[in-house]
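First the structure, in the form of structure tokens, and then the observations on it.
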Ligand SMILES: [Mg+2]
Ligand SMILES: [Zn+2]
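Chains as they are written, first to last, in this note's numbering: chain L, 50 to 525; chain B, 38 to 522; chain H, 23 to 116.
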């Protein structure tokens, strides 16, 4: 059977609500310290939490997107521990009845097959404040983040490689973005990921589970997991074992570093939160959310491949975000050559958008104009290269394609008579090449086409030119 | 009659008829405070300046012909565990000795909006843990009927303030009897509403699933008036219920013909003083004479109530009081060499013994290995206790029982034995666990000390409970008796 | 009576200090209460649900609407120590 790697993930994602989970303070990143605070999120004596209904909606949206069961009767619980970040010395979370459970995310296994990674639970809870440190090492507390709504997503330890875990994270992020549940910005802390990893050798020996924390990007997570797998294997090979502990990834040293040992299990004294009454959800309520669920990336990808006969690569690129897929489908609804639309979006539009570091919303030209451009290209009115030129100008200036084509005189000569005249002239001037072609030197044809195109200042339709040269040569 | 001896309703009419100004009334109460407060010690903070300036504002409104609430211009007191914006709120604890809330509790906001004049914040058992107001960090409050006796607790300061004419009514809080029991011991009407009837927002939590704001008044009419002002759904309290609030004063007719009263046999057992039993049963007899039907009912799990309460309330308290860690507000220890030590020293120095004891009991009951046997078990027994009441109210409209097992006891008598003190609440705890409303009204005296009759109502049916109380009050003179100081 | 180690453990979880000379008295007083509540064990609660909120209400939510927060001055009004708009905990030898 071979060695087995076991990886489980625990992800905290902040929800994109307007306000916090239990009070009306703004849920906003980057405000001045302690300006989004009230008696409730400061945990002042006497204050009480009232649950923000949208938090439920978002968490259920995530749960349904990850194929979870939704608990119809649930409640909040208190998780008790002391920490300066935690204003009430307990976190309002969920314990024995998570809102969502038993879901999965599909990833591609090493052998190319589709593999389901189990999601044990998704529950709602409140975020804590943030500790900052001043120059002298004192701790300064900012509670703007205190009470920001979170979902905690706990996977099963079903991932057998760092790659699988990485894919899991990518998929998860994609869906949260697509459904607008979270903005999943790891650098702002709106997505945080902890990893549990251990290795089981063929002979049954196991390494102790190590927890990885403070992973500030998916890349860091990937590197940390890969590093840990090697470390676990090496220790086991030496007849040693890992310590049950929490480690963090150090980007500069490219390795994981021990943070603290995990010998003593915390006693959180969970109990039902008496300040928040039961949550009882009807089928109608849950179905209402299900019905407005957007098409998810995986489904969309499959549909794009089928409906538009696109290769997998194209489908992947075009479903990377809702903005892109909407853009594509808008275009296709007006111009039916999906592959041509796909090519132009991928190679021209997205390339430039990415180079400029802008979004599709910032693109200056009108989508209809883009459609017009593709039409004139496919009708042969201008050639592909001219089309690219036009596109560049549209992108840079926002000018209409039609105007650019007129201004630059890019319309192709479609009239066969006019082209014939030029062809006859060129052939008469290059009889040696005609001779070469007849002797089987194909390269001569390319040369002759090039000469004709040059003489027409690039406006002759290359297909027509090609056809005429062969026809005329054959009669010479 | 002296002004301070009058009821809220009486002085309210005087203000309305402009026979007296709010300022005069407020000054007279502040004078009364100067006169008797040194003996009674019912207040932690007296808000003289604020009270006078508010009284002037009310007078201006009245002079301008503005319609004002029945509470406008009337001095009242608030228990010191109810948050008041800009006014110290200490919970009678060293921990919050200098805590000034930046916000008002919903009940305070409602009273302010009605033009009420708060003259001070009243003494209590620290964090509402106690039944005698002897667990205050600041001082002992005395019973106005006998200064050697306790006023009951934990809302002893509020009770004593009203009973000694230092406020026309007062807010208290009741977790396991902290309004009803002191009302009984000081000869007042004390009401604890249905759980969820009055907003808890701004009431500093002790046992969240039990705490309710309660009311002390001199008679039932006043109680009905104040309840109407305070009751109702509050968007800031997710446990407050959206149930219709009626005009309780209008419900106070004396027609007892359709009223069925239940007498729970479990409340007339050993441990309840004979004079108390007799006074309560005599009271029931009076109601029967007025036309009420009386029958015996059984609340079979009564005997488990104190045990249930002393698991649940401390468990919730251990979590609720964890926030007092010296970081954001309240007391902070002066010397520490680690974060852990900052926490531990702050809490050890800031809390009194009874509070620490209950925190530890609660922590134990919630901790790994004990949760099922203690906390979860108590939550299940609570279901049974609740069912007792639900079943009983199938047959009766109200349940009548003693409020406290005895009349007021001596200061210091029970402080060394927590269990003896806990037994003080034997009659009030079960209905608190069930969440049904209850009140105490004076129904007799023993050795010059008041006896309280407890009337327990059905869920959200404060109206019937008040009606029965009012009927009883109308044929007896106990409400007119005042402590002589 | 609770044994000494349990009292110490519970005190630690509660962030309270119990001095050695107090431990006996404390363990007795807490023990009395715990002994008393033992009587719950004799109550038959099979098939009985838990009650952690005594009235039967559910689904009390608020809308996702922004409400004004406190002024920073009021946020920090009770802070034992503050610096640069934040609550401050001095550097400790953690
Ligand atoms: Mg969590
Ligand atoms: Zn807030």
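Positions of the beta carbon are idealized from the N, C-alpha and C atoms, including for glycine.
The beta carbon of residue 91 of chain H sits closer than 7 Å to at least one heavy atom of ligand 2. The Cβ of residue 351 of chain L sits no closer than 8 Å to any Cβ of chain B. At a cut-off of 8 Å between beta carbons, residue 348 of chain B contacts chain H. Under the three-state reduction of DSSP output, residue 213 of chain L falls in the helix class. Chain order gives the chain B residues near residue 99 of chain L as 272, 273, 274 and 275, where near means a beta carbon separation below 8 Å. The continuous beta strand (DSSP E) containing residue 83 of chain B extends over residues 80-83. Beyond the five residues adjoining it in sequence on each side, residue 104 of chain H comes within less than 8 Å, by CB distance, of 98 and 110 in the same chain, given in chain order. The stretch 257-340 of chain B contains, as complete alpha helix (DSSP H) runs of 4+ residues, the segments 257-267 and 311-326 (chain order). Closer than 8 Å to the CB of residue 45 of chain H there is not a single CB belonging to chain B. Contact check between the stretch 340-347 of chain B and the stretch 407-424 of chain B: three or more CB pairs, one atom from each, fall below 8 Å, which counts as touching. Per DSSP, the continuous alpha helix (DSSP H) segment holding residue 347 of chain B begins and ends at 342-357.
In chain order, 81, 117, 133, 134 and 136 place their CB closer than 7 Å to the CB of residue 127 of chain B, counting only its own chain and leaving out the 5 sequence neighbours on each side.
Taking a 10 Å sphere around the C-beta of residue 388 of chain L, we find fewer than 16 other C-beta atoms and assign the residue as exposed. With three or more CB-CB distances shorter than 8 Å, the stretch 500-513 of chain L counts as touching the stretch 446-464 of chain L. Excluding sequence positions up to five before and after residue 371 of chain L, its CB lies within less than 6 Å of the CB of 227, all in the same chain and listed in chain order. For residue 61 of chain L, the Cβ falls inside the 7 Å cut-off from some heavy atom of ligand 1. Residue nearest to residue 91 of chain B within the set B:153, B:131, B:417 and B:139 is B:153 (criterion: CA-CA distance).
The DSSP-derived three-state label of residue 159 of chain B is strand.
In this structure, ligand 2 has a non-hydrogen atom nearer than 7 Å to the beta-carbon of residue 89 of chain L. With 16 or more other CB atoms across the displayed protein chains lying within 10 angstroms of its CB, residue 490 of chain B is buried. Linking residue 89 of chain L to residue 98 of chain L through their CA atoms gives a straight-line distance of about 6 Å.
Where residue 509 of chain B is concerned, the enclosing alpha helix (DSSP H) starts and stops at 499-511. Under the 8 Å criterion on CB atoms, residue 32 of chain H is classed as non-interfacial with respect to chain L.
Residue 99 of chain H does not reach chain L, its nearest Cβ partner there being about 10 Å away, counting only Cβ pairs nearer than 8 Å. Taking a cut-off of 8 Å for Cβ pairs, the stretch 246-254 of chain L and the stretch 182-198 of chain L do not touch, as fewer than three such pairs fall below it. Rounded to whole angstroms, the gap between the alpha carbons of residue 118 of chain L and residue 145 of chain L is 15 Å. Ranked by how close their Cα comes to the Cα of residue 269 of chain B, the residues B:230, B:448 and B:481 have B:230 in first place.
For residue 136 of chain L, the chain B residues whose Cβ falls inside 9 Å of its Cβ are 360, 364 and 365, in order along the chain. A distance criterion of 7 Å places the beta-carbon of residue 69 of chain L in contact range of ligand 2, judged by its closest non-hydrogen atom. With a cut-off of 7 Å, the C-beta of residue 174 of chain L is classified as near ligand 1, since at least one heavy atom of the ligand falls inside that distance. Residue contact with chain B for residue 113 of chain H: absent (no Cβ-Cβ distance below 8 Å to any residue of chain B). For residue 427 of chain L, same chain residues with a beta-carbon under 7 Å away, outside a window of 5 residues either side, are 386 and 389 in chain order. In its chain, beyond the 5 residues on either side, no residue has a beta carbon closer than 7 Å to the beta carbon of residue 351 of chain L.
Against residue 87 of chain L, the close residues of chain H are 91 and 92, in the order they occur along the chain (beta-carbon pairs closer than 7 Å).
Beta-carbon to beta-carbon, residue 111 of chain L and residue 147 of chain L are separated by about 12 Å, too far to satisfy the 8 Å threshold.
Residue 380 of chain B has a beta carbon lying within less than 8 Å of a beta carbon in chain H.
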